[in-house]
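Everything on this sheet refers to the single structure shown next.
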Amino acid sequence: MKKVRFGILSTAKIGRQKVIPALQKGNHTEVVAIASRSKESAQAVADELSIPKVYDSYEKLLSDKSIDAVYIPLPNHLHVEWTIKAMNKDKHVLCEKPMGLTGDEVNKVINATVMAPDVKVMEGFMYRHHPQWIEAKRLVDAGEIGELTTIQSFFSYCNTDPGNIRNKPEMGGGALMDIGCYPISLSRFIFGAQPGKVLGSMDKAPEFGTDRTFTGLMDFGGRISSFTCSTQTAPYQRVNIVGSTGRIEIMIPFNAPPDQPCEIILQQDKESRSITFDSCDQYTLQGDAFAKAILDDTPPPTTIMDAFENMHTLDALVASAESGSWKGC
């Protein structure tokens with residue numbers, strides 16, 4: 001079975017622990033190289049994960065003609081720069097979310113596609129590839145919970161490490177950028193639309209200057225999606241999708257474990273039942289879906305315009321939080 005050969009830009013934790021092992025299990029993906037500005041760091045990860053090639057610069061990896069695609073888990077503020085550099089070397093790009101720091105930044109990637117029309121670029125929202133989300137979307141679209149009326153999401157963890165990039169505003173840290181982008185994405189995915197207007201509220205960490213808690217409302221023509229995300233709260237995640245006659249509760253919506261089954265609850269009128277999904281690695285499913293788009297020359301499952309629309313919504317939420325009023329999208 002033909003496989004897409006991936007190079008990895010950086011030795012970031014999510015790559016080491018999640019994405020590289022997942023790509024190595026894929027039907028259509030293999031990891032052939034890794035790069036770091038420290039050759040020692042790259043070599044250590046390569047030895048641990050059995051990656052054949054090591055580079056001491058990202059530029060050298062991008063110049064390797066045997067590499068078809070790159071996965072970018074760099075800090076948020078470097079995503080656009082290295083996505084475009086990879087595109088200029090005719091490398092397909094799977095980039096960690098968020099694609100950029102602003103909608104204007106993501107628009108630079110869109111502009112770059114003009115010069116590289118055959119290059120596939122996808123933002124890494126792995127949750128969309130998990131069967132629980134595919135089934136949730138199917139149930140909503142099939143009218144199994146009646147008319148979709150509202151979505152409620154919560155996503156939090158506690159990280160007070162001053163050295164962590166999630167606590168550095170200049171590197172794209174903060175709750176909204178790191179995990180708030182998920183409720184934005186899933187709301188647009190389930191509603192199948194962009195919100196017309198949004199309202200945001202943030203609480204900033206005095207020691208970091210990042211938003212440690214962000215609450216947002218997104219108005220989809222009178223139907224509301226609400227969420228709270230936090231980087232300094234007890235770890236918790238849950239999504240409720242509510243309709244006129246039923247409800248879907250997703251128990252582990254974002255960090256679905258790869259080695260155990262997942263469960264969603266479907267309530268229809270007064271009856272509730274559990275729907276269980278066999279264990280699977282959503283990062284492997286994401287990698288294979290992206291690779292299939294490359295091999296079959298079809299659009300990626302989520303396009304660069306989807307990344308722009310998600311970031312545009314995030315921008316509007318920030319503007320709303322700063323002004324204290326609703327903002328149009």
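Quick note on the UniProt record's numbering: the sequence shown kicks off at 1 and runs consecutively.
All residues carry an ideal CB built from backbone N, CA and C; glycine is no exception.
Using a 10 angstroms sphere on the CB of residue 282, the tally of other CB atoms reaches 16 or more, which defines it as buried. Inter-segment contact for the region 68 to 84 and the region 92 to 103 is present: three or more beta-carbon pairs are separated by less than 8 Å. Judged by DSSP in its simplified three-state form, residue 37 adopts coil rather than helix or strand.
Taking 8 Å as the cut-off, the beta carbon of residue 290 is found closer than this to the beta carbon of residue 300. For the pair of segments examined, the region 175 to 193 was found to touch the region 154 to 161: the number of CB pairs separated by less than 8 Å reaches three.
As DSSP reads the structure, residue 203 sits in a beta bridge with 213. The count of Cβ pairs closer than 8 Å, one atom from the region 110 to 118 and one from the region 263 to 281, stays below three, leaving the stretches out of contact. With a cut-off of 8 Å on Cβ pairs, the region 212 to 224 is not in contact with the region 238 to 252, counting fewer than three such pairs. Looking at 306, 324 and 315, the one whose alpha-carbon comes closest to that of residue 124 is 306. Contact annotation: residue 230 and residue 210 have beta-carbon atoms that are not nearer than 8 Å.
When the Cα atoms are used, residue 261 and residue 204 turn out to be separated by approximately 36 Å. The Cβ atoms of residue 96 and residue 67 do not sit closer than 8 Å to each other. From the listed residues 23, 216, 109 and 321, the smallest Cα separation to residue 126 is found for 23.
Contact between residue 28 and residue 197 fails: their C-beta atoms lie close to 40 Å from each other, not under 8 Å.
Taking C-beta separations shorter than 7 Å and ignoring five residues to either side along the sequence, the partners of residue 182 in its chain run 127, 155 and 254, following chain order. Fully enclosed alpha helix (DSSP H) runs of no fewer than 4 residues occupy 103 to 112 of the region 86 to 116, in order along the chain.
Residue range 304 to 323 is occupied by the alpha helix (DSSP H) that includes residue 313, with no beta strand (DSSP E) assigned at that position. By the Cβ neighbour-count rule, residue 195 is buried, with 16 or more other Cβ atoms within 10 Å of its own. Approximately 5 Å separates the beta-carbon atoms of residue 311 and residue 106; this is inside 8 Å, confirming the contact. Annotation: residue 12 to residue 146 spans about 43 Å, alpha carbon to alpha carbon.
Restricting attention to 109, 259 and 33, the CA atom closest to the CA of residue 62 is found in 33. Residue 238: not part of any alpha helix (DSSP H); member of the beta strand (DSSP E) spanning 232 to 243, first to last residue.
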